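Engineer: Let me give you the structure first, and then I'll get to my questions.
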Amino acid sequence: MRAIIAVDWGTTNRRAWRVEADGSVSDHLRDDRGVLAMAAADYAPALAGLRERLGDLPVIAAGMIGSTRGWREAAYVPAPADLAALAAAALRIDEADVTIVPGVSWVDGARADVMRGEEVQVLGAIAAGLAPADALFCQPGTHNKWIATRTARIVDVTTVMTGELFALLKAHGILAGMLDGPVADGPAFRAGLTRGAGACDLGAALFEVRAAVLLGRRAPEDAAAYASGVLIGNDVGARDVAGNTVHLLADGTLAALYTVAIETLGGRVAPVDATAAFIAGIHHLRGHLA
-7 MRAIIAVDWG
3 TTNRRAWRVE
13 ADGSVSDHLR
23 DDRGVLAMAA
33 ADYAPALAGL
43 RERLGDLPVI
53 AAGMIGSTRG
63 WREAAYVPAP
73 ADLAALAAAA
83 LRIDEADVTI
93 VPGVSWVDGA
103 RADVMRGEEV
113 QVLGAIAAGL
123 APADALFCQP
133 GTHNKWIATR
143 TARIVDVTTV
153 MTGELFALLK
163 AHGILAGMLD
173 GPVADGPAFR
183 AGLTRGAGAC
193 DLGAALFEVR
203 AAVLLGRRAP
213 EDAAAYASGV
223 LIGNDVGARD
233 VAGNTVHLLA
243 DGTLAALYTV
253 AIETLGGRVA
263 PVDATAAFIA
273 GIHHLRGHLA
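Quick note: the sequence shown, position 100, residue 92 per the working numbering, numbers continuous.
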């Protein structure tokens, strides 16, 4: 195998690495050239720019580049899915020397879910020995992913709009202007976590943010942390984390908040380096392509 350029081409950001034949990384870049910033005609020059920086090499790209909003659509692979299944269904664009990794879909009765990009991280974590073949993964973000694997295959996917809901509440509606304070672990976040974890009435729990501030029962500067706790608590509380290990693909503030939530609700957290997992996923996937 020769070196390649591995690209995690998301909605708002793009990350690319030069991955050598042995799986090591010799160079990388990150920018804001996500699919929302791209028109169809922009991809050819964008790829040329990547090659100018990282080398004239084949490109393997995952994420939203293969969505209906991206460059070319790579159809979802139905779960259960492993790296071999992703490689078999990958979209090859010969004239550009680009391979686009498909996402994974999951359907069970009336419930359906999809993902693009996260599957590479999860399966890469397993392939690299960063997580076991049978595991529960959590990938916090705008759309938080809960992914279960069995025998190194993705068998279940649940997407929760936790981050997006917080952003919408902060920018619009009756809580707008109340959620500008800091969001961090502390008494307010943990109080919200407790309220949200057992809430089947999420809408009521969120309105309580406003009522508590108006009645002087909660400091205005604590409202954002409390609301975040309600949302994350509701998200984690709906999963079966008690007594189980959750492999957390995140870093920074979100990783810290989800760690508190999972541990508070009786789970154990095993941190996983998301970047290392993605690179390992692309590296092992290209072995199946060969």
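Using N, Cα and C, we set each Cβ at its ideal position, and we do this for glycine too.
Please read all numbers here as calculations on a predicted model, not as lab measurements.
For Ala272 and Pro37, I'd like the C-alpha separation in whole angstroms.
Structural biologist: For the purposes of this step, residue 272 is identified with residue 280 of the sequence shown, where counting begins at 1. For the purposes of this step, residue 37 is identified with residue 45 of the sequence shown, where counting begins at 1. Straight-line Cα distance between these residues: approximately 27 Å.
Engineer: Is it right to say Cys192 is buried, meaning 16 or more other beta carbons lie within 10 angstroms of its own, or is it exposed?
Structural biologist: The residue labelled residue 192 in the question sits at position 200 within the sequence shown. Flag for Cys192 reads exposed.
Engineer: Measuring straight from C-alpha to C-alpha, what distance separates Thr141 and Arg202?
Structural biologist: The count along the sequence shown starts at 1 and reaches residue 141 at position 149. The count along the sequence shown starts at 1 and reaches residue 202 at position 210. Distance between the alpha carbons of Thr141 and Arg202: 40 Å.
Engineer: Can you grab the Cα-Cα spacing for the pair His164 / Thr154, in whole Å?
Structural biologist: Counting from one through the sequence shown, the residue named residue 164 turns up at place 172. Counting from one through the sequence shown, the residue named residue 154 turns up at place 162. The alpha-carbon atoms of His164 and Thr154 are separated by roughly 15 Å.
Engineer: For Leu83, does the three-state DSSP call read helix, strand or coil?
Structural biologist: Your numbering for residue 83 matches position 91 in the sequence shown. Residue state, collapsed to three classes: strand.
Engineer: Identify whether Ser18 lies in helix, strand or coil by the three-state DSSP scheme.
Structural biologist: Taking the first residue of the sequence shown as 1, we reach residue 18 at position 26. Three-state DSSP puts Ser18 in a strand.
Engineer: Output yes or no for whether 8 Å exceeds the beta carbon distance between Leu75 and His276.
Structural biologist: Indexing the sequence shown from 1 puts residue 75 at position 83. Indexing the sequence shown from 1 puts residue 276 at position 284. Closer than 8 Å, so yes.
Engineer: Round the Cβ separation of Gly235 and Leu185 to the nearest angstrom and send it over; I've been treating them as touching at under 8 Å.
Structural biologist: Translated into the one-based positions of the sequence shown, residue 235 becomes position 243. Translated into the one-based positions of the sequence shown, residue 185 becomes position 193. No, Gly235 and Leu185 are not in contact; Cβ-Cβ is about 18 Å, not under 8 Å.
Engineer: Terminal residues of the continuous beta strand (DSSP E) containing Ile52?
Structural biologist: Here residue 52 refers to the residue found at position 60 of the sequence shown. Per DSSP, Ile52 belongs to the beta strand (DSSP E) from Val51 to Gly55.
Engineer: Could you check which residue in Asp227, Ala117, Leu206 and Arg187 has the C-alpha nearest to that of Glu156?
Structural biologist: The count along the sequence shown starts at 1 and reaches residue 156 at position 164. Closest by alpha carbon: Asp227.
Engineer: Please state whether DSSP places Ser97 in a helix, a strand or coil.
Structural biologist: Position 105 of the sequence shown, counting from 1, holds the residue named residue 97. In this structure, Ser97 counts as strand in the three-state DSSP scheme.
Engineer: Does the stretch -5 to 12 touch the stretch 39 to 48, meaning 3 or more C-beta pairs lie closer than 8 Å?
Structural biologist: At 8 Å Cβ cutoff, the stretches touch.
Engineer: Could you check where the alpha helix (DSSP H) with Asn5 kicks off and where it finishes?
Structural biologist: Position 13 of the sequence shown, counted from the first residue, corresponds to residue 5. Per DSSP, Asn5 belongs to no alpha helix (DSSP H) and is neither H nor E.
Engineer: Between which two residues does the beta strand (DSSP E) containing Val149 stretch?
Structural biologist: Within the sequence shown, residue 149 is the residue found at index 157, counting from 1. Residues Arg145 to Val152.
Engineer: Residues in its own chain within less than 6 Å of Asp89 by CB, not counting five upstream and five downstream?
Structural biologist: Stepping through the sequence shown from its first residue, residue 89 is reached at position 97. Around Asp89: Pro50.
Engineer: By Cβ distance, which residues of its chain are closer than 7 Å to Asp177, with the 5 residues on each side in sequence left out?
Structural biologist: For the purposes of this step, residue 177 is taken as the residue at position 185 of the sequence shown. Excluding residues within five positions, the ones whose Cβ falls inside 7 Å are Ala248, Leu249 and Val252.
Engineer: Since Arg260 is in the beta strand (DSSP E), which residue starts that stretch and which ends it?
Structural biologist: Taking the sequence shown and counting its residues from 1, the one referred to as residue 260 is at position 268. It spans Arg260 to Val264 - the beta strand (DSSP E) in which Arg260 sits, taken as one unbroken run.
Engineer: What do you get for Ser16, buried or exposed, if any count of 16 or more other CB atoms within 10 angstroms of its CB means buried?
Structural biologist: Your numbering for residue 16 matches position 24 in the sequence shown. Under this definition Ser16 is an exposed residue.
Engineer: Starting from Arg187 and walking both ways along the alpha helix (DSSP H), at which residues does that stretch end?
Structural biologist: Working through the sequence shown from its first residue, we reach residue 187 at position 195. Unbroken alpha helix (DSSP H) run through Arg187: Pro179 to Ala189.
Engineer: Rounded to whole angstroms, what is the Cα-Cα separation between Val114 and Ala127?
Structural biologist: Numbered from 1 along the sequence shown, position 122 holds the residue referred to as residue 114. Numbered from 1 along the sequence shown, position 135 holds the residue referred to as residue 127. About 9 Å.
Engineer: Given this structure, state the Cα-to-Cα distance separating Asp24 from Thr4, to the nearest angstrom.
Structural biologist: As a position in the sequence shown, residue 24 is number 32, starting the count at 1. As a position in the sequence shown, residue 4 is number 12, starting the count at 1. Going from the Cα of Asp24 to the Cα of Thr4 covers about 6 Å.
Engineer: Distance, Cα to Cα, Val112 vs Gly190?
Structural biologist: The residue labelled residue 112 in the question sits at position 120 within the sequence shown. The residue labelled residue 190 in the question sits at position 198 within the sequence shown. Approximately 32 Å between the Cα atoms of the pair.
Engineer: Closer than 7 Å to a non-hydrogen atom of the ligand PLP - does that hold for the CB of Ala242?
Structural biologist: In the structure on display, the ligand PLP does not appear, and there are no ligands present to speak of.
Engineer: Tell me the DSSP bridge mates of Trp138?
Structural biologist: If you number the sequence shown from 1, residue 138 lands on position 146. DSSP lists Cys130 and Thr150 as partners of Trp138.
Engineer: With Asp172 and Ala217 assumed to form a contact (beta carbons below 8 Å), what rounded beta-carbon distance in angstroms separates them?
Structural biologist: Here residue 172 corresponds to residue number 180 of the sequence shown, with the count starting at 1. Here residue 217 corresponds to residue number 225 of the sequence shown, with the count starting at 1. Between Ala217 and Asp172 the Cβ distance is about 11 Å, and since that is not below 8 Å, they are no contact.
Engineer: Kindly identify the DSSP beta-bridge partner or partners of Arg(-6).
Structural biologist: Locating residue -6 in the sequence shown gives position 2, counting from the first residue. Answer by DSSP bridge pairing: none, since Arg(-6) is not bridged.
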